[in-house]
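For reference, the structure is listed below as structure tokens.
There are 2 protein chains.
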Amino acid sequence: MNIGEASGASGVSAKMIRYYEQIGLIAPKGRTQSNYRVYGEQEVHVLRFIKRARSLGFSLEETETLLKLWQDKSRTSASVKEIATTHINDLERRIAEMQGMVKTLKHLSHCCGGDHRPDCPILDDLAGERAAPSDKPKSGESVA
Amino acid sequence: MNIGEASGASGVSAKMIRYYEQIGLIAPKGRTQSNYRVYGEQEVHVLRFIKRARSLGFSLEETETLLKLWQDKSRTSASVKEIATTHINDLERRIAEMQGMVKTLKHLSHCCGGDHRPDCPILDDLAGERAAPSDKPKSGESVA
DNA sequence: TGTAAGGCTTCCCATCATGGGAAGGTCAAG
DNA sequence: CTTGACCTTCCCATGATGGGAAGCCTTACA
Numbered sequence: 399m400n401i402g403e404a405s406g407a408s409g410v411s412a413k414m415i416r417y418y419e420q421i422g423l424i425a426p427k428g429r430t431q432s433n434y435r436v437y438g439e440q441e442v443h444v445l446r447f448i449k450r451a452r453s454l455g456f457s458l459e460e461t462e463t464l465l466k467l468w469q470d471k472s473r474t475s476a477s478v479k480e481i482a483t484t485h486i487n488d489l490e491r492r493i494a495e496m497q498g499m500v501k502t503l504k505h506l507s508h509c510c511g512g513d514h515r516p517d518c519p520i521l522d523d524l525a526g527e528r529a530a531p532s533d534k535p536k537s538g539e540s541v542a
Numbered sequence: 399m400n401i402g403e404a405s406g407a408s409g410v411s412a413k414m415i416r417y418y419e420q421i422g423l424i425a426p427k428g429r430t431q432s433n434y435r436v437y438g439e440q441e442v443h444v445l446r447f448i449k450r451a452r453s454l455g456f457s458l459e460e461t462e463t464l465l466k467l468w469q470d471k472s473r474t475s476a477s478v479k480e481i482a483t484t485h486i487n488d489l490e491r492r493i494a495e496m497q498g499m500v501k502t503l504k505h506l507s508h509c510c511g512g513d514h515r516p517d518c519p520i521l522d523d524l525a526g527e528r529a530a531p532s533d534k535p536k537s538g539e540s541v542a
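If you're matching them up, the sequences are chains B and D in order. The first sequence begins at 399 in my numbering and counts up by one. The second sequence begins at 399 in my numbering and counts up by one.
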């Protein structure tokens, strides 16, 4: 299988397959005489594993760890679960951060006329003219 | 005011102040004879505006637009509100995406013993051995 | 007044994951 | 044998930020 076919079979772009090889995440089964990368079912399976891990938001570093655990038959499920749990916490933290932004922005938008006049609570807030007291009850601590 | 003082007064790192200048977002009031950047209250105000916009998740490009609107006294609040609304939608889309990941991961984690044994539904899912049917009712469409 | 510390300058590099594109070799079909 | 589609490597770009080096400037202190 050429890289193009492996790409089609795995959903990972050829560009990314080469990149994953470069960073040591994967390797082709071999090369043809003309230096073309050759892949088999095994390699495509690994690529699909990576794609799925990425789609769940794992970084390539985490994905690499998961990949090693997958291939290590003596792993413990606890070691995998720990990575997943850490990742869940990370996602939830980022979600909460963005939800805070949304909450503030919705409040400001609600207060903004959205008409032809220049008066705008959104700009007032950005400029530091406190027009949205409900979000920042204490000091000027950033949301992010 | 030197860049260091402007940084302290605005909460934007000196590194970032220089970068914002480089991309044309801001400019110092001037330079000293020895080529030091000089800032005034006005510039610090702009830096704080940028910082607040960033903390609400606006990109630098959006921030630039907001900054121009802020300085344009003939703007309409509708134009500002539109940017905010677009940004809210973007944030909500990303939040939903991550919530999907969390949902799947929590389900998998819940199914995972987290013990010393190697059996792990999380890895099984990544490997494509469908152990978590509740998330992917139809085809193999990625979450992301 | 000399010197040392610390601040400023520019320039280059790294991150993270991905894509674009150029220059050139290879393969398969016509 | 040519043409087009594929492959190779290499370089560059993204977005926002930080690190660090080399060298100049300023301030404070002895």
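The beta carbon of each residue, even a glycine, is placed where N, CA and C say it ideally should be.
Can you give the beta carbon distance from residue i to residue j, rounded, assuming they're within the 8 Å contact cut?
i, j, result
"Tyr437 (chain D)", "Ala404 (chain D)", "4 Å"
"Arg492 (chain D)", "Met496 (chain B)", "6 Å"
"Ala412 (chain D)", "Gly402 (chain D)", "6 Å"
"Ser408 (chain D)", "Lys449 (chain D)", "6 Å"
"Ile415 (chain D)", "Leu445 (chain D)", "7 Å"
Identify which residue in the options has its Cα closest to the Cα of residue i.
i, options, result
"Leu467 (chain B)", "D:Asn400, D:Ser408, D:Ile520 and D:Thr461", "D:Ile520"
"Asp488 (chain B)", "D:Asn487, D:Glu490 and D:Lys504", "D:Lys504"
"Cys518 (chain B)", "D:Leu454, D:Lys471, D:Arg416 and D:Cys518", "D:Lys471"
"Leu506 (chain B)", "B:Arg452, B:Gly526 and B:Arg416", "B:Gly526"
"Phe447 (chain B)", "B:Pro516, B:Asp522, B:Asp513 and B:Gln469", "B:Gln469"
"Lys501 (chain D)", "B:Cys510, B:Gly512 and B:Ile486", "B:Ile486"
Go ahead and pull the three-state DSSP assignment for residue i.
i, result
"Gly498 (chain D)", "helix"
"Val410 (chain D)", "coil"
"Gly402 (chain B)", "helix"
"Arg515 (chain B)", "coil"
"Arg473 (chain B)", "coil"
"Arg452 (chain D)", "helix"
"Arg429 (chain D)", "strand"
"Arg446 (chain D)", "helix"
Quick one: list the residues of chain D neighbouring residue i, beta-carbon separation under 8 Å, in chain order.
i, result
"Val478 (chain B)", "Cys510, Cys518, Ile520 and Leu521"
"Val410 (chain B)", "Under the 8 Å cutoff, chain D gives no residues; its nearest Cβ is about 11 Å from Val410 (chain B)."
"Val500 (chain B)", "Ile486, Leu489, Glu490 and Ile493"
For residue i, go through chain D and note every residue whose CB falls closer than 9 Å to its CB, in chain order.
i, result
"Lys471 (chain B)", "Pro516"
Name the chain B residues that come within less than 7 Å of residue i, Cβ to Cβ?
i, result
"Gly406 (chain D)", "Near Gly406 (chain D) there are no residues of chain B at all, since even the closest Cβ is about 14 Å away, more than 7 Å."
Give me the chain B residues within the contact set of residue i, using Cβ-Cβ distance strictly less than 8 Å, ordered along the chain.
i, result
"Ser507 (chain D)", "Lys479, Ala482, Thr483 and Ile486"
"Asp474 (chain D)", "It is Thr, not Asp, that sits at residue 474 (chain D) in the sequence shown. Within 8 Å Cβ-Cβ: Asp513, His514, Arg515 and Pro516."
Listing by chain order, which chain D residues have their CB less than 7 Å from the CB of residue i?
i, result
"Leu503 (chain B)", "Leu454, Ala482, His485 and Ile486"
"Gln497 (chain B)", "Ile493"
Determine the chain B residues that contact residue i at a beta-carbon separation under 9 Å, and present them in chain order.
i, result
"Gly438 (chain D)", "Ordered by position in chain B, no residue passes the 9 Å Cβ test against Gly438 (chain D), which lies about 16 Å from the chain."
field: Meets three-Cβ-pair contact criterion under 8 Å: the segment 469-489 of chain B and the segment 454-464 of chain D
entry: no
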